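Before any comments, here is the structure.
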């Protein structure tokens, strides 16, 4: 979908994509010539089209957290709670956080809680690359 | 006034580029896979998943590096078959390492990530309309699994397909034209009729079907050590494909698979030998196809 400023005959540029609110996405475009702004307000069905493709409008998250655009959000959130158990949240180093991006998005919350439990069980204070490697070996990968 | 095609770029939404980038990342991720082999049928309940795992075991026994992608997101079986239930993914330096069974078969299955009995639910922001988006979401998730997993170098990546004769074309498109297919039938007109529809559907794609496996071709009775008929009569529906072999229903093998055991650990099992012969047949056909392609090149 592209937006054209009719007065200027100039393609408009995306300047803001806000997370969905009650299923409606707000995307603001501005004409680079006259600075006229418009907002595209999607209905829930239109929002779902984008979410189903697993992409982010304008590169910005269309949801408030990692699971917001995940096709399995409801289940993922439920499982995250189930699997947290008594494990406390541990800090993740930037390198470990970056590596988390290497697994499918819908599996991240489960992986995060599982790895934290693995670390807590071993008395570790944070998740770093070394802990991830230990977990990888432990889980037989 | 300018029209859509007069305007270059997308004004910053970046959606097309992201979709294309995902497709490219699938190709990159699968670059070490020599043979992509989809095991389908169109019909449910014919033993696709069990046979997929058995074929993987047989191919592995023949010295191949093998992994399985369980493409049945809603009824995943491969995690149970590989004894990999409740398995989390741990991020590696390049993608997610593939969990492996005790005998070295990689298995990626939603059954590992979503423990039984929880059903996989597809989120929908529009209440009561999840069916509308289901196919798009399923294939988005499958593409993400293909792209994110660190498949490494494999001789065979087996893809265990869900039922649905018309959907088999969508999986062919997802996996690409080089993906080969093996179809699973059973000796009943009802099942073979559906398999015939899958053959018809796949005929419209560039993908090659190596042949079909006649599963549940009789019932192996260990008490009398012979195969007895399981279906009343010979099926009248002919499948216009080479038959790669037939496998009788074997309760002992089924029980072993349910426990996540590998039939290669129990070589005396009656039905294991037919599976091994089918695996050999597949290897031979794949090898012949590769030689033909090389000659053409």
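Protein chains in written order, with my numbering: chain A, 1 to 141; chain B, 1001 to 1297.
Using N, Cα and C, we set each Cβ at its ideal position, and we do this for glycine too.
As the structure is a computational prediction, the values presented were derived from the model and not from experiment.
Practice problem: Mind listing the chain A neighbours of residue 1153/B? Cutoff is C-beta to C-beta under 8 Å, in chain order. | Solution: Result: empty, since nearest Cβ-Cβ is about 16 Å, beyond 8 Å.
Quiz item: What span of residues does the alpha helix (DSSP H) with residue 39/A cover, start to end?
Solution: Note, residue 39/A: premise wrong, no alpha helix (DSSP H); beta strand (DSSP E) at 37-41.
Exercise. Kindly identify the DSSP beta-bridge partner or partners of residue 1208/B.
Key: Residue pairing of residue 1208/B in beta bridges, as defined by DSSP: 1180/B.
Exercise. Compile a chain-ordered list of the residues in the region 1077-1108 of chain B whose CB is closer than 8 Å to at least one CB of chain A.
Key: Of all residues in the region 1077-1108 of chain B, those with a C-beta nearer than 8 Å to a C-beta of chain A are 1087, 1088, 1089, 1090, 1091, 1092, 1093, 1094, 1095, 1096, 1097, 1098, 1099, 1100, reading in chain order.
Quiz item: Hey, is residue 119/A's beta-carbon within less than 9 Å of any beta-carbon in chain B?
Solution: Chain B contact via Cβ: absent.
Self-check item: Beta-carbon contacts of residue 1119/B that lie in its chain and below 7 Å, excluding the five residues immediately before and after
Solution: Excluding residues within five positions, none has a Cβ falling inside 7 Å.
Quiz prompt | residue 83/A, DSSP secondary structure in three states | solution = Confidence is the limiting factor: at residue 83/A the pLDDT is only 49, short of 50, which leaves the residue's position unreliable, though a coordinate-based value still follows. DSSP places residue 83/A in helix when its eight states are reduced to three.
Quiz item: Is the distance from the Cβ of residue 1157/B to the Cβ of residue 1109/B below 9 Å?
Solution: Judged by beta-carbon spacing, residue 1109/B lies beyond the 9 Å limit of residue 1157/B, meaning their Cβ atoms are not closer than that value.
Quiz item: With a CB to CB cut of under 6 Å and the five nearest residues on each side skipped, what residues in its chain are close to residue 80/A?
Solution: Caution applies to residue 80/A, whose pLDDT of 48 falls short of 50 and renders its modelled position unreliable; the value that the coordinates give is listed next. Taken in chain order, the residues that qualify are 109, 113.
Quiz prompt | Span separating the alpha-carbon of residue 1043/B from that of residue 1201/B | solution = Rounded to the nearest angstrom, the two C-alpha atoms are 13 Å apart.
Self-check item: the region 1144-1178 of chain B: positions lying closer than 7 Å to chain A by Cβ
Solution: Answer in chain order: 1144, 1145, 1148.
Practice problem: Compute the distance between the beta-carbons of residue 1243/B and residue 1211/B, then report whether it is under 9 Å. | Solution: Yes; because the gap between Cβ atoms is below 9 Å, this pair is in contact.
Quiz prompt | residue 1007/B, DSSP secondary structure in three states | solution = In the three-state reduction of the DSSP assignment, residue 1007/B falls in the coil class, being assigned neither a helical nor a strand state.
Quiz prompt | Boundaries (first-last residue) of the alpha helix (DSSP H) holding residue 1148/B | solution = That run of the alpha helix (DSSP H) goes 1130-1148.
Quiz item: Would residue 1131/B be called buried (16 or more neighbouring beta carbons within 10 Å of its own) or exposed?
Solution: When all chains shown are included, residue 1131/B counts as exposed.
Quiz item: The alpha helix (DSSP H) spanning residue 1158/B covers which residue range?
Solution: Where residue 1158/B is concerned, there is no enclosing alpha helix (DSSP H), although the beta strand (DSSP E) around it starts and stops at 1154-1160.
Quiz item: In whole angstroms, what is the alpha-carbon distance linking residue 70/A and residue 52/A?
Solution: In this predicted model, residue 70/A has a pLDDT of only 47, less than 50, meaning its place in the structure is not dependable; the value taken from the coordinates is given anyway. Cα to Cα, residue 70/A sits roughly 8 Å from residue 52/A.
Quiz item: Quick one, are the C-beta atoms of residue 1038/B and residue 1269/B less than 9 Å apart?
Solution: Not closer than 9 Å, so no.
Quiz item: When every heavy atom of the ligand NAP is checked, does at least one fall within less than 8 Å of the C-beta of residue 1047/B?
Solution: You won't find the ligand NAP in this model; it holds no ligand whatsoever.
Practice problem: Could you tell me whether the Cβ of residue 1007/B comes closer than 9 Å to any Cβ of chain A? | Solution: Look at residue 1007/B: its C-beta is under 9 Å from a C-beta on chain A.
Self-check item: 7 Å Cβ cut-off: residues of chain A touching residue 1113/B
Solution: Within 7 Å Cβ-Cβ: 107, 110.
Quiz prompt | Nearest to residue 1199/B (by Cα), restricted to the options 1191/B, 1190/B, 1209/B | solution = Here the closest residue by C-alpha is 1209/B.
Quiz item: Over what stretch of residues does the alpha helix (DSSP H) that includes residue 1246/B continue unbroken?
Solution: No alpha helix (DSSP H) contains residue 1246/B, which is instead part of the beta strand (DSSP E) from 1243-1249.
Self-check item: Neighbourhood of residue 1245/B by C-beta distance below 7 Å, restricted to the same chain and skipping five residues each side
Solution: Around residue 1245/B: 1213, 1274, 1277, 1278, 1281.
Quiz item: Quick one: is residue 41/A near chain B, going by C-beta distance under 9 Å?
Solution: Taking Cβ atoms only, chain B never reaches closer than 9 Å to residue 41/A, which makes this a no.
Exercise. Report yes or no: is there a C-beta of chain B within less than 9 Å of the C-beta of residue 124/A?
Key: No - not a single Cβ of chain B is within 9 Å of the one on residue 124/A.
Quiz prompt | Between the CA atoms of residue 93/A and residue 1075/B - distance to the nearest angstrom | solution = The C-alpha of residue 93/A is placed about 36 Å away from the C-alpha of residue 1075/B.
Quiz item: So, is the C-beta of residue 1034/B closer than 9 Å to a C-beta in chain A?
Solution: At a cut-off of 9 Å, the C-beta of residue 1034/B has no neighbouring C-beta in chain A.
Practice problem: Indicate the three-state DSSP secondary structure (helix, strand or coil) for residue 108/A in the structure shown. | Solution: Looking at residue 108/A - three-state DSSP - the assignment turns out to be helix.
Quiz item: Can you tell me the Cα-Cα spacing of residue 26/A and residue 15/A, whole angstroms?
Solution: For residue 26/A and residue 15/A, the distance between alpha carbons rounds to 11 Å.
Exercise. Establish whether the CB of residue 1019/B and some CB of chain A are separated by less than 9 Å.
Key: Taking a beta-carbon distance threshold of 9 Å, residue 1019/B counts as an interface residue toward chain A.
Quiz item: If you draw a straight line from the alpha carbon of residue 1216/B to that of residue 1051/B, how long is it in whole angstroms?
Solution: Between residue 1216/B and residue 1051/B, the C-alpha separation is close to 10 Å.
Quiz item: Taking the DSSP output, what are the residues bridged to residue 1022/B?
Solution: The partner list for residue 1022/B (beta bridge, DSSP) is empty, contrary to what the question assumes.
Quiz item: Taking C-alpha atoms, which residue in 1294/B, 1184/B, 1205/B lies nearest to residue 1241/B?
Solution: The option with the nearest alpha carbon to residue 1241/B is 1184/B.
Quiz prompt | Residues that residue 10/A bridges to, as DSSP identifies them | solution = Under the DSSP definition of a beta bridge, residue 10/A partners with 5/A.
Exercise. Run the CB neighbour count on residue 1224/B, radius 10 Å, all protein chains shown included, and call it buried at 16 or more, exposed below.
Key: By the neighbour-count rule (16 or more Cβ atoms within 10 Å), residue 1224/B is not buried but exposed.
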